[in-house]
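The listed protein sequences derive, respectively, from chains A and B.
All residue numbers for the first sequence refer to the working numbering, where the first residue is 1 and numbers rise by one.
All residue numbers for the second sequence refer to the working numbering, where the first residue is 1001 and numbers rise by one.
Heads up, the thing below is written out as structure tokens.
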Amino acid sequence: MRVLSLIISLLALWGVSTLFGSEAHWQIDMGSFGLEGVVIGLKATALANFFALLIAIGFFSISLIASKYKLSKGFYALLYLLLVSLFLIVYAEDYLLFFVGWEVMSVTTYLLFSYDLSREALIKYIVFALASAMSLLGGIMVLYSASHSFLYTDAHQGFIALSATLQVIFILLMLFAFFIKLGVIGFHYWLMDSYEQSSDFFTPYLSAVLSKMGIYALIILLVYVVDIHMISGTWLAYTLAIMGLLSSIIATFKAVNEDSMKRLLAYSSIAQLGYIVTVLSMADGLGGALYHSLIHTLVKLLLFINIAGIIYMTARSKFSELGGLIYRMPQSFVLLLIGIISLAGMPPLAGFASKFLIYTTLLEGGNLLILSAMLFASASAFLYIYKLIYGIYLGHPTSKRYETIREVPLAFLIPQYLLSLLLIVAGVYPGIVIPYFNTILKELRLETIPFESYTILGSEMASYNGFVLMSAFVGVFVLILLFMLSLRSKAKEAKDRFDIAYCGEVPDEGTHLHYGFSMGKELKRVGFIGVILRNSSSVFYDYISRQLFGFATVFRKLYSGNLSFNFNIAALFALILLWWGLR
Amino acid sequence: MIILDLALMLITAYFVGFIYYGLYRNITARFQRRIGPTIFQSFYDSIKFFGKKEAISHGWMFYLGPIIMATGAIMTLFFIPFFYQSESFSGLSGYGNLFLVLYLMLLGPLGNAMGVGVGGNPFGVMGVTRGLTRLFALELPFYIAVVAIMSISQSADIATIAGSQTTINAFAHPLLFIAALFSFVAMMGQSPFDVVGAPVEVYSGPASEFSGKFLSLLMSQSAIFSFAKLVLMVNLFLGGADGFFELLWKTFVLFLFVIAFGAIYGRFKTPQSVDFLIKVPTVIAIVGLIFATAWGN
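This is the structure:
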């Protein structure tokens, strides 16, 4: 089964790569099946190919670590079904197939979750997934009422033909559906538990690929239906920008306070997707959104696989139970370091490229407050990023077990090496993906990103050279290293982990030294951050659930389990219906 | 040629940075009615420590921390042009921009945080946590001001921003300048935002586990980084410089302000400084931004 999954993932990669540049198109008129005027089809557009590539890369990465997990045949079957549904979503040329793909994706994800999740988390997920699907269906129906076609090509005509109120209703329904999938803050209630409890094998895919379907759906909505040229200054643009920014800022501070590695990264996912949602509020923002989607997919695959390796070796998933693993797992440490540097968007790695593109877009568009807020969120991310690497690898080991633990198996390291290589290459050549993004943008009749060479990214207002940056960085680093090595001084190695300067005292076994895992606690004392940290969207959803429960008791009183009583009620209803029908 | 240019930039920043640091100690002493050390004392200390033995080693990452931090400081310096017109002393600024510099400035603290973390000293990590917390707070008003300046100059190129100021930005957009100054005081690690290093009395802070040549490296990078930050502020708000004399007096005036500010005020706790920075300077910056953009139209 494991080999099969690897073969299938390679086939998927190969299949997607053959579609690049091709104009593959398949369309069928459902009239012959008794559905007059309904045309459905699949089309390999450049945009679809890009997201299909993300799906394939993600699947390839997790199939490499599959050998370390005992997964049943049913799990694999569902995984392949999920893969099919994802490809259906991206290659669909109409909202009917898109909806089918969306629904299959939601249900297969539910079934995959059912292997690992608690009952409560499962219910949360399925309720939200169904709400998303129903809302999507409603939106599609509203659009169909005007366009009388499911095809994306007719969607814009249909959208314009809608009355102003229906337009608003349509957009709200669609946004609701996609925001749930993206886990935009306020709609992320299902997401935390699902990420935390799902199999470590599946979480990378969940964060890196499944959430990107929300981005893809949003792009489809904005480009094909609403027409992104007309978006600036509308309420839709403000909604996207504000929701995206709120996601980025709130999720960043929420992440700082998490003790579970997977929950921290789940919040980080929300924050990063927030950037993409924000930048999609601009007509020129699609390039940055695509770039950041790519980087986020690579980074989150890397980070979640790294953490999967840690959990595999230690069977612990909390910062408070880990620590001090750096010299036991040096390779994992360096790989995580590459991951977090990219996640933070630090030069000289690729994370900076995508963020830079987003920033210049915002600057040129004159959205200065949005830009400042985004820079702020990005700088705040340092806290949770440091917590991630400190809690696992630095500080003090919290258990004696960790003194003899070994490096994670090769199966975990290989995908991480491949992904970090991609991140480094894209850091040196930040312009390497721009020509392909420009084909996408041209196809969608949007303004292209200025392209000079593979090493240069940017426009007239600002640009940078990734190659010079990387060479200078490596050069300076090596020179300082050589200088320090040339100074002869030999320090004695610390004999044990208590060999530290500790305010004149001598720490022992009972001293609590892995201090940093609880960093971020003091933020509760800061005004508005405290407000964010103390409040939770669960209050709202708990209220809704209580009200629904109360409402349901009314029906439970009617359906009391007393058969004769129920029969009488049913008969009464039947009589009323009969009378109404005859009248 | 570029190598020579970079080397000269580095040497200038190293010496001027240390002399400024000596002046800081000296002037602060005069504020407190002490005589204080000589101006070159910190410089001598730095040279001396390069030859000293370290107390202890915590493995390779412990050593890489200060090296990454120094790399971050020097990279920041290389991407900031000293003069807005001249070819020499422009370093690599033609290959980068202000966004890059803003991010390079964050590289050092993160690198050092790794080294401190692996040292396993809880007091070091305490300093790092405080530092990162202060970092995001001080960045907020600074970013708003910088973004407004970029928008006014319609460029993210530092030399262009410096050269395009007919009236210097500090006077043309005083609110932005004031907001950025608050952040700048915090960036320089000055009181009231100096709880990170807590330089005098508390045995904590990022440097607590380092000694010998690595302590010296930390001191040197701090001097270089301070000078780089001063040059950046001069470029952004004080109209840049056209020669060494102009650069030195402008940076010195700015530096003197920071010292004077720090000598007067007591220290904030971390949450207090975060609270202050995301309230007062941020509001000033936002008002300044609105003024500046309304002015431009």
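Here a beta-carbon is modelled for each residue, glycine too, at the ideal position from N, C-alpha and C.
Computed from a predicted structure; not experimentally measured.
Contacting residues, own chain, Cβ-Cβ under 6 Å from residue i (five flanking each side not counted)
{"i": "T252 (chain A)", "result": "A271, A377, S380 and A381"}
{"i": "A255 (chain A)", "result": "L264, Y267, S268 and Y384"}
{"i": "V279 (chain A)", "result": "G285, G288, A289 and I358"}
{"i": "I228 (chain A)", "result": "L222 and A283"}
{"i": "V1287 (chain B)", "result": "L1175"}
{"i": "V1202 (chain B)", "result": "Confidence at V1202 (chain B) is low in this model, with a pLDDT of 48, below 50, so its placement is unreliable and the value that follows should be read with caution. Cβ within range, chain order: n/a, list empty."}
{"i": "N311 (chain A)", "result": "One detail in the question is off: residue 311 (chain A) reads as Ile in this sequence, not Asn. Same-chain partners within the cutoff: D200 and S317."}
{"i": "L1107 (chain B)", "result": "G1072"}
Neighbourhood of residue i by C-beta, 7 Å cutoff - its chain only, sequence neighbours within 5 removed
{"i": "Q157 (chain A)", "result": "S147"}
{"i": "G1119 (chain B)", "result": "H1058, F1062 and E1209"}
{"i": "I340 (chain A)", "result": "I385, L388 and I389"}
{"i": "M605 (chain A)", "result": "Past the boundaries of the shown model lies residue 605 (chain A); chain A is included only from 1 to 583, so the question cannot be answered."}
Start and end residues, beta strand (DSSP E) containing residue i
{"i": "S248 (chain A)", "result": "No beta strand (DSSP E) contains S248 (chain A), which is instead part of the alpha helix (DSSP H) from W235 to V256."}
{"i": "G458 (chain A)", "result": "I456 to G458"}
{"i": "D1005 (chain B)", "result": "It is not in any beta strand (DSSP E) - D1005 (chain B) instead sits in the alpha helix (DSSP H) that spans I1002 to F1031."}
{"i": "N438 (chain A)", "result": "Run containing N438 (chain A): none in the beta strand (DSSP E); it sits in the alpha helix (DSSP H), I434 to E443."}
{"i": "N465 (chain A)", "result": "S463 to N465"}
Opposing strand residues paired with residue i [DSSP bridges]
{"i": "A92 (chain A)", "result": "A:L42"}
{"i": "I405 (chain A)", "result": "Answer is none; I405 (chain A) lacks a bridge partner."}
{"i": "S1057 (chain B)", "result": "A:E493"}
{"i": "L151 (chain A)", "result": "A:D94"}
{"i": "S260 (chain A)", "result": "A:K318"}
Nonlocal neighbours in the same chain, by C-beta distance under 8 Å from residue i, ignoring five residues either side
{"i": "V506 (chain A)", "result": "F498"}
{"i": "L337 (chain A)", "result": "I389"}
Residue i at chain A interface by Cβ criterion, 8 Å
{"i": "A1154 (chain B)", "result": "Here residue 1154 (chain B) is Gln; the residue named in the question, Ala, does not match the sequence. By this cut-off, Q1154 (chain B) is an interface position."}
{"i": "E1201 (chain B)", "result": "Because E1201 (chain B) carries a pLDDT of 49, less than 50, the predicted location of this residue cannot be relied on, and the following value inherits that uncertainty. False, the Cβ-Cβ gap to chain A never drops below 8 Å."}
{"i": "K1213 (chain B)", "result": "yes"}
{"i": "K1250 (chain B)", "result": "no"}
{"i": "G1096 (chain B)", "result": "yes"}
{"i": "L1004 (chain B)", "result": "no"}
{"i": "V1231 (chain B)", "result": "no"}
{"i": "F1255 (chain B)", "result": "no"}
{"i": "N1121 (chain B)", "result": "yes"}
{"i": "F1050 (chain B)", "result": "yes"}
{"i": "P1192 (chain B)", "result": "no"}
{"i": "Y963 (chain B)", "result": "This structure does not reach residue 963 (chain B), given that chain B is present from 1001 up to 1297, and the question cannot be answered."}
Any chain B beta carbon closer than 8 Å to residue i
{"i": "M1 (chain A)", "result": "no"}
{"i": "L523 (chain A)", "result": "yes"}
{"i": "M461 (chain A)", "result": "yes"}
{"i": "M282 (chain A)", "result": "no"}
{"i": "M261 (chain A)", "result": "no"}
{"i": "F356 (chain A)", "result": "yes"}
{"i": "L71 (chain A)", "result": "no"}
{"i": "P347 (chain A)", "result": "yes"}
{"i": "K254 (chain A)", "result": "no"}
{"i": "V428 (chain A)", "result": "no"}
{"i": "M519 (chain A)", "result": "yes"}
{"i": "D499 (chain A)", "result": "yes"}
{"i": "I250 (chain A)", "result": "no"}
{"i": "G527 (chain A)", "result": "yes"}
{"i": "A491 (chain A)", "result": "yes"}
Boundaries of the alpha helix (DSSP H) in which residue i is found, first to last residue
{"i": "Y312 (chain A)", "result": "L286 to T314"}
{"i": "Y390 (chain A)", "result": "L368 to Y393"}
{"i": "H25 (chain A)", "result": "Per DSSP, H25 (chain A) belongs to no alpha helix (DSSP H); it is in the beta strand (DSSP E), H25 to D29."}
{"i": "Q1041 (chain B)", "result": "Q1041 to F1050"}
{"i": "R525 (chain A)", "result": "Element bounds for R525 (chain A): n/a, residue is neither H nor E."}
{"i": "N1169 (chain B)", "result": "N1169 to A1172"}
Contact set between the region 234-247 of chain A and chain B, restricted to residues whose Cβ is under 8 Å from the partner
none
When you check each C-beta in the region 1171-1183 of chain B against every C-beta of chain A, which residues fall closer than 8 Å?
none
Identify each residue in the region 464-488 of chain A for which the Cβ-Cβ distance to at least one residue of chain B is less than 8 Å, and report them in chain order.
So the list reads Y464, N465, V468, L469, A472, F473, V476, F477, I480, L481, M484 and L487, given in the order they occur along the chain.
When you check each C-beta in the region 360-382 of chain A against every C-beta of chain B, which residues fall closer than 8 Å?
T360, L363, G366, L368, L369, L371, S372, L375, F376, A379, S380 and F382
Could you please tell me which residues of the region 1065-1088 of chain B, in chain order, have their CB closer than 8 Å to any CB of chain A?
I1067, I1068, A1070, T1071, I1074, M1075 and F1078
Proximal residues, the region 410-422 of chain A versus chain B, C-beta separation under 7 Å
none
For the region 393-408 of chain A, list every residue whose C-beta sits within 7 Å of some C-beta in chain B, in sequence order.
L394, G395 and H396
Which residues, taken in chain order from the region 209-221 of chain A, show a beta carbon closer than 7 Å to some beta carbon of chain B?
none
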